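Colleague:
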Amino acid sequence: MTGAGSLIRSAEVLVTSPGRNFVTLRLTTEDGVVGLGDATLNGRELAVVSYLRDHVVPMLIGRDAQRIEDTWQFLYRSAYWRRGPVTMTAVAAVDVALWDIKARTAGLPLYQLLGGASRDGVLVYGHAAGRTTPELFDSIRSQLAEGFRAIRVQTSVPGIDKVYGVSSQPPTGRYQYEPAHRAPLPVEEDWDSRAYLRHLPGVVEAVRAEFGAELPLLHDAHHRLTPIQAARLGKDLEPYDLFWLEDCTPAENQEALRLVRHHTTTPLALGEVLNTIWDYQTLIREQLIDYVRSSVTHAGGITGLRRILDFAGQYQIKSGMHGPTDVSPVGMAAATHLSLAIHNFGIQEYMQHSRLTDEVFRQSFRWADGHLHPGEEPGLGVDYDDDAAGRHPYEPAYLPFNRLKDGTVHDW
Ligand code: CS2
Ligand code: MG
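In structure tokens, the structure reads:
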């Protein structure tokens with residue numbers, strides 16, 4: 200019900216670091232209804248904190264929390280400067296917090312306000328990695344034992360010291376991979392695309408031979424290949440029927456995917472670093488990808504990502520929302536509600552958070568048979584524990600960067 204009670208009384212930007220940094224926006228209305236939004240941007244958290252605390256929060260106090268679309272358009276257009284991960288993560292945090300308030304006010308789980316459930320649960324994929332093929336096999340088995348029914352596989356590469364997605368330590372049970380290093384400056388790692396291209400197909404072939412043809416396998420190339428290298432990898436992996444090859448080449452140049460698409464039928468997922476519908480315009484209109492990777496947290500919230508996915512649905516492109524540990528449980532909950540409701544759902548990433556994180560963010564997720572359900576609590580179904588959060592102060596942490604053998608900086 201719109202009225203004085205739905206006006207925003209307070210807006211808090213909360214920073215905590217239970218093993219990794221998280222930024223959360225908490226809005227409270229005059230009626231005392233609380234809404235949470237994830238504002239975490241791995242390695243640039245404080246930029247979003249300042250964007251929200253110094254520039255957005257003063258505009259929110261006294262605004263009607265029920266006016267979600269108007270607030271989204273106001274924040275997007277009144278800044279004058281547009282798009283980008285910091286801006287769209289800040290807009291997303293406000294958007295999700297307002298959706299949380301609206302659903303809590305209605306006494307309904309958020310997905311019921313997004314059209315209701317289109318499926319019983321959200322298929323998620325787990326993460327397996329290994330420095331060697333036997334280690335990778337063990338990691339896959341442990342993910343299958345956890346109940347995952349689709350698995351991303353990442354492997355080390357001979358001659359390269361550290362590779363994205365693979366811990367340099369021997370695995371200890373559940374896959375835990377936190378790429379950001381707690382250090383005052385980013386850590387340098389090394390890369391060699393030719394060595395990777397020679398090595399990976401054989402590893403995927405061995406996985407298929409060991410685990411059979413049915414298990415949905417995904418792989419993340421993490422922006423490190425040129426378009427022709429990506430085309431070659433897609434082609435080399437065709438016999439192993441991947442569910443998707445992710446971020447095969449940097450996507451700022453959307454047209455680069457024309458070349459990849461021309462050479463391979465391996466399904467392509469892309470876009471976790473993209474944050475507006477404009478970043479996808481060519482990719483979607485020319486059907487250059489099969490899955491949209493953006494998360495609710497980094498693509499302007501429920502309002503922003505829903506628009507992208509509705510556009511994608513016209514071209515039979517599906518969702519594949521980004522869900523690493525650096526999307527907080529608030530962001531994961533928002534994603535799961537949206538994944539449950541939309542028609543063109545594909546799959547969702549689920550890199551389980553740590554016990555320390557779960558103490559800060561109390562969630563009502565249900566997990567069964569490889570599927571997530573956001574639960575039936577009003578709103579997102581996540582509560583923030585200030586006492587637990589207060590035990591983990593912020594620490595600077597940065598994602599690594601790569602250099603090639605000749606010293607040239609390269610995508611990590
Ligand atoms: C990765 C991410 O999960 C993925 O697909 O690309 O883990 C990515 O490396 C991190 O989100 C970066 O913070
Ligand atoms: Mg990725």
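All letters in the sequence shown, in the order written, are residues 200 to 611 by the numbering used here. Backbone N, C-alpha and C fix where the C-beta goes; we use that ideal spot for every residue, glycine too. Predicted model only: the values in this text are computed from it and were never measured.
1) So, E636 versus T556, is the Cβ gap smaller than 8 Å?
2) Can you tell me whether DSSP reads G320 as helix, strand or coil?
3) Output needed for L539: all residues of its chain with C-beta closer than 6 Å, excluding positions within five of it in sequence on either side, in chain order.
4) Would DSSP call E244 helix, strand or coil?
5) Could you check how far apart the C-beta atoms of P523 and M550 are, in whole angstroms? I think they sit under 8 Å.
6) Hey, could you find the ends of the beta strand (DSSP E) W566 is sitting in?
7) Let me check one thing: in DSSP terms, what residues is F544 bridge-paired to?
8) Below 7 Å CB to CB, which residues in the same chain sit around L598 once its five sequence neighbours on both sides are set aside?
9) I need the DSSP call for H398, collapsed to helix, strand or coil.
10) Beta strand (DSSP E) containing F600: first to last residue?
11) Classify W280 as helix, strand or coil using the three-state DSSP reduction.
12) For the alpha helix (DSSP H) that E640 lies in, which residues bound it at each end?
13) What are the start and end residues of each continuous alpha helix (DSSP H) run of 4 or more residues lying completely inside the region 460-505, in chain order?
14) Rank A498, H326 and R484 by C-alpha distance to the C-alpha of G364 and give the top, closest one.
15) Does the Cβ of R492 have 16 or more other Cβ atoms within 10 Å, making it buried, or fewer, making it exposed?
16) Tell me the start and end of each unbroken alpha helix (DSSP H) in the region 210-268 that is at least 4 residues and wholly inside, in chain order.
17) In or out: P426 buried (at least 16 other Cβ within 10 Å) or exposed?
18) Keeping to the same chain, check which residues put their C-beta closer than 6 Å to that of G346; ignore five residues upstream and five downstream.
19) Which class does H570 belong to by DSSP, given the choice of helix, strand or coil?
20) With distances taken from each beta carbon to the nearest heavy atom of the ligand MG, which residues come in below 7 Å, in chain order?
21) What does a CB cutoff of less than 8 Å around A246 pick up in its chain, not counting 5 residues either side in sequence?
22) Which class does P438 belong to by DSSP, given the choice of helix, strand or coil?
23) Do the CB positions of A532 and V581 come within less than 8 Å of each other?
Modeller: Taking the coordinates as given:
1) Residue 636 is absent from the model: the chain starts at 200 and stops at 611.
2) Along the sequence shown, one-based indexing puts residue 320 at 121. Correct three-state label for G320: coil.
3) By one-based count along the sequence shown, residue 539 stands at place 340. So the qualifying residues of the chain are Y310, A316 and V321.
4) For the purposes of this step, residue 244 is identified with residue 45 of the sequence shown, where counting begins at 1. Looking at E244 - three-state DSSP - the assignment turns out to be helix.
5) For the purposes of this step, residue 523 is identified with residue 324 of the sequence shown, where counting begins at 1. For the purposes of this step, residue 550 is identified with residue 351 of the sequence shown, where counting begins at 1. Confirmed, about 5 Å.
6) On the sequence shown, residue 566 is found 367 positions in, with the first residue counted as 1. W566 -> beta strand (DSSP E) spans R565 to A567.
7) Taking the first residue of the sequence shown as position 1, residue 544 is located at position 345. DSSP lists S518 as partners of F544.
8) The residue you call residue 598 lines up with position 399 of the sequence shown. N241, G242, P378, A379, P385 and W611.
9) Translated into the one-based positions of the sequence shown, residue 398 becomes position 199. Note: H398 maps to helix in three-state DSSP.
10) Against the sequence shown, residue 600 aligns to sequence position 401. Element bounds for F600: F600 to R602.
11) One-based indexing of the sequence shown puts residue 280 at position 81. W280: coil per DSSP, three-state reduction.
12) This structure gives no information on residue 640, because the portion of the chain shown stretches from 200 to 611.
13) 480-484
14) As a position in the sequence shown, residue 364 is number 165, starting the count at 1. Here the closest residue by C-alpha is H326.
15) One-based indexing of the sequence shown puts residue 492 at position 293. By the neighbour-count rule (16 or more Cβ atoms within 10 Å), R492 is buried.
16) 244-249 and 256-259
17) Your numbering for residue 426 matches position 227 in the sequence shown. Label assigned to P426: buried.
18) In the sequence shown, the residue the question calls residue 346 occupies position 147. Excluding positions up to five away in sequence, the list reads G569.
19) On the sequence shown, position 371 is the one that residue 570 refers to. It is a strand residue.
20) D419, H421, E445, D446, E471, R492 and H521
21) Along the sequence shown, one-based indexing puts residue 246 at 47. Here the set comprises L240 and V285.
22) Walking along the sequence shown from the start, residue 438 turns up at place 239. Note: P438 maps to helix in three-state DSSP.
23) If you number the sequence shown from 1, residue 532 lands on position 333. If you number the sequence shown from 1, residue 581 lands on position 382. In this structure, V581 lies closer than 8 Å to A532 by Cβ.
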